[in-house]
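Numbering (mature numbering (1 follows the signal peptide of the UniProt record, and there is no 0)), first residue to last: -18 to -1, 1 to 102. Quick notes on the structure that follows.
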């Protein structure tokens, strides 16, 4: 009976240890995934104003520095009198993601500014 309990404890411990994922293993599991493009199309100004830019950056974290990424943001005011539609697209290498996000922010601010004139 003592041998059976010892054997069960050993097997249980080895099963739990085998399923443990270390931080290094986790990174290697995600290394095969690349995100090349993110598109964000909305139909209200408020949705463009509430973009979480930290999340946009996190989307591209697993990419290699030389991977080409593309972000596009747009607005389609179908319900407005003028049927206003506008979009911007920025692209570049993953290593330059901070400067790409700055360009995208400027473009989104421009879309918001212009679209406020055509809201109704």
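The C-beta atom is built at its ideal place from N, Cα and C for all residues, glycine as well.
{"query": "Using 10 angstroms around the beta-carbon of residue 79, count the other beta-carbons present and answer buried if the total reaches 16, otherwise exposed.", "result": "buried"}
{"query": "By a C-beta neighbour count over all protein chains shown, 10 Å radius and 16 as the cutoff for buried, is residue 45 buried or exposed?", "result": "buried"}
{"query": "Fully enclosed by the region 55 to 91, which beta strand (DSSP E) runs are 3 residues long or longer?", "result": "67 to 75"}
{"query": "Which class does residue 21 belong to by DSSP, given the choice of helix, strand or coil?", "result": "strand"}
{"query": "How big is the Cα-Cα spacing for residue 96 and residue 66?", "result": "9 Å"}
{"query": "Looking at the unbroken alpha helix (DSSP H) that takes in residue 37, where does it start and where does it end?", "result": "35 to 41"}
{"query": "May I ask which residues mark the beginning and end of the alpha helix (DSSP H) holding residue 48?", "result": "No alpha helix (DSSP H) holds residue 48; DSSP gives it neither H nor E."}
{"query": "Using C-beta distances below 7 Å, list every residue in its chain close to residue 42, excluding the 5 sequence neighbours before and after it, in chain order.", "result": "17, 51, 76 and 79"}
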